[in-house]
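Numbering (the working numbering), first residue to last: 1332 to 1541. Think of the CB as a built atom: it goes at the ideal place given N, C-alpha and C, for glycine as much as any other residue.
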Amino acid sequence: MIKKLTNEQIREIAAAHGFEYGVVKAIYQVESRGSGFLANGQPKILFERHIFRRELQKLGYITLSNEMSKIDPLLCHPRPTQRGGYGSESVQHQRLQNAQKLLLRARPDADENLKAQVRECALKACSWGLGQIMGFNHKLAGFDNLQDFINAMYDSEKAQLQAMINFLKSAGLTGAMKRKDWHAIARAYNGVAYAKFDYHNKLARAYERA
């Protein structure tokens, strides 16, 4: 399958969900990062250290998460990474791998079950692909399990856009997308400060160009 998204695929996805082509294309153009993949073929991700810690603690690994935070606070920390602290897009997969390796630095005798749980927490702590959907939101993106979501993110930009539209529908934006309520869409995707960055007008302009 060709990884790069085509206009024909955008039309196909829009029609399958009952949305205008222009609405879906506008959301794709404004809310994506231009491409869902790095030059080496890996999907674009952003690793979030505070989400990694949170997911570990949700499983009851409070002490372990604290140990990991002491070993490398850049990869496991109660607070989000500050602006400029993430590094480039190209290093995010290495950050993901390094976060998983924290387990063996903290617990050299960790069994396979614990390794698998930490791996899942790390994958959930990344935002993925065109829509930068967090791994912990895989069910909202239309996937019963995390690994199926990850596989789709590696598959193609079409699969990434499909997940993005599923996520928007799960967030209750079907009506807003049909009404072309750019304020509601921008708020849902970018938070309450969306107007400060003119996202609603960017969506409207992208729709007019579609």
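Remark: C-beta atoms of Ile1464 and Ala1483 do not approach each other more closely than 8 Å. Phe1350 sits in coil when the DSSP states are folded into three classes, being neither helix nor strand. In chain order, Leu1471, Ala1472, Gly1473 place their CB closer than 8 Å to the CB of Asn1497, counting only its own chain and leaving out the 5 sequence neighbours on each side. Here Leu1504 is near Ala1519, since their CB atoms are less than 8 Å apart. In the DSSP assignment, Cys1407 falls outside any beta strand (DSSP E), carrying neither H nor E. Annotation: the continuous alpha helix (DSSP H) that includes Leu1433 extends over 1423-1437. A distance of 8 Å or more separates the beta carbons of Lys1432 and Ile1382.
Secondary structure of Ser1366 (DSSP, three-state): coil. For the pair of segments examined, the region 1359-1379 was found to touch the region 1420-1430: the number of CB pairs separated by less than 8 Å reaches three.
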